[in-house]
Amino acid sequence: MDKKVLISCTYYVPNISGVSIYAQILAEKMAEKGTDVSVLTSRFSHKLAKLKLNKRVKIQRSAVWKKVGKGVIMPFFVRDAQLAVRENEIVNCHLPQIESFMIAIWAKIYKKKLIVTHHCEFNFKGPWHNKLIALITYPFHLVTYLLADKIVSYTQDYAKTSIFLKHFKKKLNFILPPVVVGEWNKQESKKIKKKLEIRKDEKVVSYVGRIGWEKGLDGLIESIKVLKKKRKIKLLLIGPYTGVAGDNSYFKLKKKIEKNSEWIKLVGSVEHDKLVNYYKISDCLVLPSTNNLETFGIVQAEAMVSGCPVVASNLPGVRMPVRLTGMGKIAKIGDIKDLAKKIRIVLDGNFKEKNKIKKAKKIFSLERFVKSYEKVFE
Numbered sequence: 008m009d010k011k012v013l014i015s016c017t018y019y020v021p022n023i024s025g026v027s028i029y030a031q032i033l034a035e036k037m038a039e040k041g042t043d044v045s046v047l048t049s050r051f052s053h054k055l056a057k058l059k060l061n062k063r064v065k066i067q068r069s070a071v072w073k074k075v076g077k078g079v080i081m082p083f084f085v086r087d088a089q090l091a092v093r094e095n096e097i098v099n100c101h102l103p104q105i106e107s108f109m110i111a112i113w114a115k116i117y118k119k120k121l122i123v124t125h126h127c128e129f130n131f132k133g134p135w136h137n138k139l140i141a142l143i144t145y146p147f148h149l150v151t152y153l154l155a156d157k158i159v160s161y162t163q164d165y166a167k168t169s170i171f172l173k174h175f176k177k178k179l180n181f182i183l184p185p186v187v188v189g190e191w192n193k194q195e196s197k198k199i200k201k202k203l204e205i206r207k208d209e210k211v212v213s214y215v216g217r218i219g220w221e222k223g224l225d226g227l228i229e230s231i232k233v234l235k236k237k238r239k240i241k242l243l244l245i246g247p248y249t250g251v252a253g254d255n256s257y258f259k260l261k262k263k264i265e266k267n268s269e270w271i272k273l274v275g276s277v278e279h280d281k282l283v284n285y286y287k288i289s290d291c292l293v294l295p296s297t298n299n300l301e302t303f304g305i306v307q308a309e310a311m312v313s314g315c316p317v318v319a320s321n322l323p324g325v326r327m328p329v330r331l332t333g334m335g336k337i338a339k340i341g342d343i344k345d346l347a348k349k350i351r352i353v354l355d356g357n358f359k360e361k362n363k364i365k366k367a368k369k370i371f372s373l374e375r376f377v378k379s380y381e382k383v384f385e
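Encoded structure:
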């Protein structure tokens, strides 16, 4: 595609999140195909360069004055956004991103095509501070959606329940998120099993993602306790747990994790292309989210194409990978007994059939993802 594309998101790699990895994959794959791609994001760490060219993608980071919860205050973003929008032809904002309304306004002033990718939204559920964030950010995000030419959402299942998307049905385009897994290193998987003291008679249940209030990890730990009465299980918690922007959930779980350290293994952050080595040793991946801040759970798809079945919460969008592939089970939201039951069914069942893995690879094709975006950008 010959047109110049600007991708904007609050955080970009090396920050690890579903949004940042999604944006990175999109940017780099478009650049590989010859598209001139720029990324405008926050300089959330002073160690990061203000301007950098990485894998043909120009990354510009706007100065951060202060971090507020999961967001940042960027005093020069208005100016940075104006210059970036002016230099490009297509603007792609990844929401939630409170400052996106500035980009949207510049896009309209300069008559640029504005594409909004909806990852999730702050809804009026959960802790009081989440409700406050939802209240404050709602009008800013609404401006962006109103000005958008097209809106990309993961699934129709989720869009039906979204406080934003249900109002913009004519603008919606549905594209499943990109699935990229690294090359499996069998020896590395063996080293991991040895390091984590995983025995041959133990089943491995894994969670991949940051430790956050909406992730349902307390319920997951309690469900494994139920299962451990009759079988040997190791629970791997893979992902960042300290320094998570705007969330101190780890410290609420810390005592419980340390008390059960014999079977709960706090792995910490793992490089994205190395996750496959953990999927390969896992008998089941669990995504026990309790709130629609989770809208899909891309790690499910990664696990499936790596041959690992899944148990996911019955949340709109989050339940779709299991529904599409049949490679797992869907559990009631926040129900410890049902979660334990569904994990047991997956551990005892035959969900690693080759035809199911093949189906997952076809559904979550990276080539299909890139072509779908090229069509939206036309």
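Here the working numbering is used: the first residue of the sequence shown is 8, the next is one more, and so on.
Just so you know, even glycine gets a beta-carbon here, dropped at the ideal spot from N, CA and C.
Over the uninterrupted alpha helix (DSSP H) stretch that includes residue i, give me the two end residues.
i, result
"SER196", "193-202"
"SER27", "25-39"
"ASN180", "No alpha helix (DSSP H) holds ASN180; the beta strand (DSSP E) holding it covers 179-181."
"VAL306", "305-312"
"TYR380", "373-384"
"LYS232", "224-234"
"ASP355", "343-355"
"LYS361", "361-370"
"VAL329", "327-332"
Counting C-beta neighbours from all protein chains within 10 Å, is the total for residue i 16 or more, i.e. buried, or is it exposed?
i, result
"GLY78", "buried"
"SER24", "buried"
"SER268", "exposed"
"ASN357", "exposed"
"GLU265", "exposed"
"PHE84", "buried"
"THR162", "buried"
"ILE116", "exposed"
"LEU60", "exposed"
"GLY376", "Going by the sequence as given, residue 376 is Phe instead of Gly. With 16 or more other Cβ atoms within 10 Å, it is buried."
"LEU346", "buried"
"ASP290", "buried"
"ARG206", "exposed"
"ILE240", "buried"
"ARG238", "exposed"
"VAL212", "buried"
"PRO103", "buried"
"ASP87", "buried"
By the DSSP assignment, the beta strand (DSSP E) with residue i in it spans what residues?
i, result
"ILE240", "240-245"
"TYR161", "It is not in any beta strand (DSSP E) - TYR161 carries neither H nor E in the DSSP assignment."
"LEU13", "12-15"
"ILE122", "120-125"
"ILE337", "335-338"
"ALA319", "317-320"
"LYS210", "210-215"
Which whole-angstrom value describes the C-beta separation of residue i and residue j, a residue pair presumed to lie in contact below a C-beta threshold of 8 Å?
i, j, result
"GLY335", "VAL353", "6 Å"
"THR168", "ASN299", "7 Å"
"ILE158", "LYS178", "5 Å"
"VAL293", "TYR165", "No, VAL293 and TYR165 are not in contact; Cβ-Cβ is about 20 Å, not under 8 Å."
"VAL71", "SER49", "5 Å"
"TYR286", "GLU309", "7 Å"
"VAL46", "ALA30", "7 Å"
"LEU121", "LEU154", "6 Å"
"PHE105", "THR144", "In the sequence as displayed, the identity of residue 105 is Ile instead of Phe. Between THR144 and ILE105 the Cβ distance is about 5 Å, and since that is below 8 Å, they are a contact."
Requested in this report: Would you check if the segment 143-158 and the segment 45-61 touch, i.e. whether three or more CB-CB distances between them fall below 8 Å?
Outcome: By the Cβ rule, the segment 45-61 does not count as touching the segment 143-158, because fewer than three pairs are nearer than 8 Å.
Query raised in the report: Contact between the segment 13-32 and the segment 85-98: three or more CB pairs below 8 Å?
Result: Yes, the segment 13-32 touches the segment 85-98.
**Report entry** Cβ pair count under 8 Å reaching 3, the segment 28-43 against the segment 59-77
**Finding:** Touching, yes, given that three or more Cβ pairs across the two stretches are closer than 8 Å.
Query raised in the report: Which residue spans inside the segment 45-118 form an unbroken alpha helix (DSSP H) run of at least 4?
Result: Counting whole runs of 4 or more residues, the segment 45-118 contains the alpha helix (DSSP H) stretches 84-94 and 107-116.
Query raised in the report: Taking only runs of the beta strand (DSSP E) that begin and end inside the segment 267-292, which ones reach a length of at least 3 residues, in chain order?
Result: Qualifying beta strand (DSSP E) stretches, in chain order: 271-275.
Query - Given 8 Å, three or more beta-carbon pairs between the segment 356-370 and the segment 338-348 - result: Taking a cut-off of 8 Å for Cβ pairs, the segment 356-370 and the segment 338-348 do not touch, as fewer than three such pairs fall below it.
Query raised in the report: Quick one: any contact between the segment 39-48 and the segment 317-324, if contact means 3 or more CB pairs under 8 Å?
Result: No, they do not touch.
Query - Segment contact, 8 Å Cβ cut-off, at least three pairs: the segment 184-195 with the segment 273-291 - result: The segment 184-195 is in contact with the segment 273-291.
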